Structures are given as structure tokens and as C-alpha cells.
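> Have a look at this one.
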Amino acid sequence: MLRVFQICFTSGILFTVLSFILGRVSDFSDMGTDIDADMDLDVDTGVELELGTGVDGDVPELPVSPLKPIIITTFVMVFGGIGMICMQKGFSQAGAFVVALLSGLAVSFLLHRFIIVPLYRAQNTSAVSQKKLQGALARVTLAIRGSRYGKISYTVSGNTCSAPAKSIDSEDIETGAPVVIIEIKKNTFYVKKIKGGV
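Numbering (this note's numbering), first residue to last: 1376 to 1573.
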């Protein structure tokens, strides 16, 4: 049983590290941004908005599934870690299994209830139409080189948001330069440098 706990704990750690590395690599390459949004918890801006479909009006609130990769990974990692601790403390295999199972379920529930669901609600209540963002001003936070991806930040309803961006005319745009959002395709913001901008 100890071996099962070790495999679960190690698998959870490896999946978390691999997800983080792949997320960072995709931010700095031309791999695109169509990565599972369930995995994306962007902490560098504090708020990450999900763009609407261009239809104005209320967005119906859908239930948030507890079977998201981050919740499953958390359960597996906590289950394995608590199980290993219980085995080292002299618990029986059945006792260690029960304590590990209850701990994994409790931590997963708390993560879902107090982190995932509030973030999902914040995204839905802050969702804006892509058409409304066209013509909005933004600032480059990660330099855009030619036709490669960069990153911009912009403000909507008092919230600072970030998004992947490309130059619409493939010109280099340095970090900190003011830009205007020209169009949005597949959640990539195409921007143009403002003439005379610093």
C-alpha cells in the first residue's frame, strides 16, 4: 500500500511541474494559446478575463465541474502524501487508506468550493464582448518581435487583464509601449503601436 501512496504523490508532483513548465514554454513561443483553460490560473495579474462570444447581455451561469485536472491532481497528490505520512506513523493499511481518502476529498472540496468556483464566477461576471475591446488602449508587458507572440495588459471595468498579442503589421513593439487593439482572432489580440508613444 505504501507503494501506491508513493506513486500517487509522485504522479501529482510530476503532473504539476510538467503543467507549469509547458505553460511557461507556450507563453514564450509561437505554440499558440489554445491550451486547456481549466488549467490556467494566471497569477501575474491577479485577474484573468475570459472573453465573451461577441453577444451582449447576461451570460448564463453554468455549474463548475469538480472533475477539473487541477482538482484531480490535488486529490491524487494529497491522497498519496497523507497516505505515506500515515504509513510512516504506524497506521494500518486500511486506516491509512481511509485517512488519505478523506484528506484528499476534503482538500479537493475546499479547492473547488473556495478557489475554482469563485474564480469562475469572477470570469463570468466580468466577461466582455470582443467587439467592445477593439479600439481599446493597452500596454505591452512582454515585447512583441515581428510575427511572434508577446503579451499586453489592458483595463476593463477597473480590472487589469492580460492577453497574448501579436503585431498586426509584424513590427517590433518593445515592453511598455502603448498600443491599440485592432482585432481579436482565436483569443489572440492583434495590436498596433501608437505613433509617438513612448
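Glycine included, each C-beta is placed from N, C-alpha and C at the ideal position.
In this text the structure is predicted, and so the values were computed from the model without any measurement.
(1) Does Gly1521 pass the burial test, meaning 16 or more other C-beta atoms within 10 Å, or should it be called exposed?
(2) Does the beta-carbon distance from Ala1540 to Gly1551 come in below 7 angstroms?
(3) Hey, could you find the ends of the alpha helix (DSSP H) Gly1525 is sitting in?
(4) Let's test the definition: count the other Cβ atoms within 10 Å of the Cβ of Ala1513 and tell me whether it reaches 16, buried, or not, exposed.
(5) Just the C-alpha distance for Phe1380 and Val1453, rounded to the nearest angstrom, thanks.
(6) How many Å lie between Ser1464 and Tyr1529 at the Cα?
(7) What residues in its chain sit with their C-beta under 7 angstroms from that of Gln1468, if we drop five residues either side in the sequence?
(8) Ser1440 lies in the alpha helix (DSSP H); which residues open and close that run?
(9) According to the Cβ coordinates, are Ile1527 and Ala1538 closer than 7 angstroms?
(10) Is DSSP giving Ser1467 helix, strand or coil here?
(11) Straight-line CA distance for Ser1386 to Phe1472?
(12) Check Ile1519 in the structure and name its three-state DSSP category.
(13) Taking the beta carbon of Thr1535 as the centre, do at least 16 other beta carbons fall within 10 Å, making it buried, or is it exposed?
(14) For Asp1409, does the count of other Cβ atoms within 10 angstroms reach 16, so buried, or fall short, so exposed?
(15) Which residue marks the beginning of the alpha helix (DSSP H) containing Lys1570, and which one marks its end?
(16) Return the Cβ separation of Gln1509 and Ile1559 in integer angstroms, given the expectation that the two are a contact with Cβ distance under 8 angstroms.
By the coordinates alone:
(1) exposed
(2) no
(3) Note, Gly1525: premise wrong, no alpha helix (DSSP H); beta strand (DSSP E) at Gly1525 to Val1531.
(4) buried
(5) 9 angstroms
(6) The sequence given here has Lys at residue 1464, not Ser. Roughly 52 angstroms between the two C-alpha positions.
(7) Met1376
(8) Taken as a continuous stretch (DSSP letters only), Ser1440 belongs to no alpha helix (DSSP H), as it is neither H nor E.
(9) yes
(10) coil
(11) 17 angstroms
(12) strand
(13) exposed
(14) Caution is warranted here: a pLDDT of 41 is assigned to Asp1409, below 50, making its placement in the model unreliable, and the coordinate value is therefore given only provisionally. Label assigned to Asp1409: exposed.
(15) Neither: Lys1570 is in no alpha helix (DSSP H) and is coded neither H nor E.
(16) 7 angstroms
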